[in-house]
Amino acid sequence: MPITRLSSAKGETYPSDERKNPGSETATDDCSKKVRVFVRKKRAKKTVLTTVEEVKHEILDQKPCSLPEIEDFAYGKDSSFPPLTHTPANWEKVLEGIRMMRSSENAPVDSMLSDVVCFVPRKEDLQFLYLHSCQAKQRIMLLMARAIQRLLQNNLLTAEAIEKADEGTIKDLIYPVGFYSRKASNMKKIAKLCLSKYDGDIPSTLEGLLQLPGIGPKMAHLVMNVGWNNVQGICVDTHVHRICNRLGWVSRPGTKQKTSTPEETRESLQLWLPKEEWVPINPLLVGFGQTICTPLRPRCGICTISGFCPSAFKETPSPSSTPKKSHLNKRS
DNA sequence: TTCCAGTCAG
DNA sequence: CTGACGGGAA
Numbered sequence: 001m002p003i004t005r006l007s008s009a010k011g012e013t014y015p016s017d018e019r020k021n022p023g024s025e026t027a028t029d030d031c032s033k034k035v036r037v038f039v040r041k042k043r044a045k046k047t048v049l050t051t052v053e054e055v056k057h058e059i060l061d062q063k064p065c066s067l068p069e070i071e072d073f074a075y076g077k078d079s080s081f082p083p084l085t086h087t088p089a090n091w092e093k094v095l096e097g098i099r100m101m102r103s104s105e106n107a108p109v110d111s112m113l114s115d116v117v118c119f120v121p122r123k124e125d126l127q128f129l130y131l132h133s134c135q136a137k138q139r140i141m142l143l144m145a146r147a148i149q150r151l152l153q154n155n156l157l158t159a160e161a162i163e164k165a166d167e168g169t170i171k172d173l174i175y176p177v178g179f180y181s182r183k184a185s186n187m188k189k190i191a192k193l194c195l196s197k198y199d200g201d202i203p204s205t206l207e208g209l210l211q212l213p214g215i216g217p218k219m220a221h222l223v224m225n226v227g228w229n230n231v232q233g234i235c236v237d238t239h240v241h242r243i244c245n246r247l248g249w250v251s252r253p254g255t256k257q258k259t260s261t262p263e264e265t266r267e268s269l270q271l272w273l274p275k276e277e278w279v280p281i282n283p284l285l286v287g288f289g290q291t292i293c294t295p296l297r298p299r300c301g302i303c304t305i306s307g308f309c310p311s312a313f314k315e316t317p318s319p320s321s322t323p324k325k326s327h328l329n330k331r332s
């Protein structure tokens, strides 16, 4: 079956879990010293941002490593030195808590991804077709699966076939999917573009993907992440956007204000989140956002990390029926 | 009736 | 920045 899913299976282990081994004291002391020197230098040059990734890259000479000293330093646990900018306290506990909640509850995203990526082998190459469902609802995702099935049955999964096919036919085949009309025409345009510029394949760069009609930052990063295995950025959808802001994980540059767009969230999040989390953060938070940290009436009562969440129990219960801005509002 | 989700057009 | 997009569910 050529359909690949982004959502990861439950019970997956993450690299950060393997970090807590007591290493040799001399090595970590040395590392700790290097971190201080490095950050001091950066700050002397008035470099605005110093990320955990950057420190690791410099100090550890590109070798993947997550020494506790760097993490502690980043979180501000080391009182002898100010924390790195933008790294929120307790983020690992929060992530771990969300993983726990996710493992005990099935979210729609687990059964079928909201963004479905199909790879269709043809000759020796991989042909690619994207279908994009904005809906996180299970119903739509089931319909999405059926839409793909129908496209498969009609041999409409190669750029050539899509290019030749009637737009109305495609429209009918993918029908109940959100924005099917626009998507059908985008599929035609993308097929034509891919045939003329990419030999029937899809572009393998972020820039190339973003040129395709209907492909924005969210889909482009998703395709880079799961399609090309080349992580250029975090795939930020509204769930990631919303939850990161509720947690206080992201902010507009130089302020404590919430980010206003997913793109802003992506850039802010990438400043401190370790790269090994860039891919798993999406299905993790999407599922969390579907089951617990919902846009409307988040279930703070059953959320195990509400103690770490600045927004816990602070959402207005019924925004639609009572549009009046009540007592609880933004802080100065 | 309102909202959903991402992208694009105005 | 605002709204359209297309259907269906809350």
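For the first sequence, counting from 1, position 151 maps to 151 in full-length UniProt numbering; every step adds exactly one.
The beta carbon of each residue, even a glycine, is placed where N, CA and C say it ideally should be.
Just so we're clear, the structure is a prediction, and the values are computed from it rather than from any experiment.
Does the Cβ-Cβ distance between residue i and residue j come in under 9 Å?
| i | j | result |
| --- | --- | --- |
| V177 | H239 | no |
| G200 | E160 | yes |
| L273 | I234 | yes |
| M224 | L212 | no |
| C300 | E315 | yes |
| K183 | G214 | yes |
| F288 | I148 | no |
| V236 | T265 | yes |
Rounding to the nearest angstrom, what Cα-Cα distance links residue i and residue j in this structure?
| i | j | result |
| --- | --- | --- |
| Q290 | N245 | 16 Å |
| L269 | W249 | 7 Å |
| T261 | H241 | 8 Å |
| T169 | G216 | 25 Å |
| E276 | S196 | 35 Å |
| F228 | S204 | Just to set this straight, residue 228 is Trp in the shown sequence, not Phe. Going by the C-alpha atoms only, they are around 7 Å apart. |
| V279 | A145 | 23 Å |
| C293 | I305 | 11 Å |
| N155 | P88 | 49 Å |
| L143 | T158 | 21 Å |
| Q135 | F179 | Any reading at Q135 needs caution, since the residue's pLDDT is 47, under 50, leaving its predicted position unreliable; the model's value is listed next. About 10 Å. |
| R297 | L247 | 15 Å |
| G254 | K33 | 28 Å |
| M101 | N90 | 17 Å |
| M1 | Q153 | Only weak support exists for where M1 lies, its pLDDT of 35 falling under 50; the coordinates are left without a value. |
| T259 | H57 | 27 Å |
| L271 | S251 | 11 Å |
| S104 | Q257 | 33 Å |
| A107 | G208 | 32 Å |
| N181 | Y198 | This sequence places Ser at residue 181; Asn is not what is there. In a straight line, the C-alpha of S181 is about 25 Å away from that of Y198. |
| P64 | F308 | Because the pLDDT of P64 is 47, which lies under 50, any placement of that residue in the model is unreliable, and the question is left without a value. |
| Q232 | Y175 | 32 Å |
| N230 | I202 | 14 Å |
| E96 | I243 | 15 Å |
| R40 | I190 | 48 Å |
Using alpha carbons as the reference points, say which of the options lies closest to residue i.
| i | options | result |
| --- | --- | --- |
| N186 | T205, L210, S204 and V236 | L210 |
| L193 | E163, L152 and G97 | E163 |
| P295 | C235, A89 and F313 | F313 |
| R150 | R99, L173, S181 and C235 | L173 |
| P310 | P253, V94 and H57 | V94 |
| K188 | Y198, A165, Y175 and S251 | A165 |
| H221 | E263, K258, F308 and K41 | E263 |
| N282 | L271, Y175, R36 and K218 | K218 |
Segments of 4+ residues assigned as alpha helix (DSSP H) that fall wholly inside the stretch 169-199: 180-197
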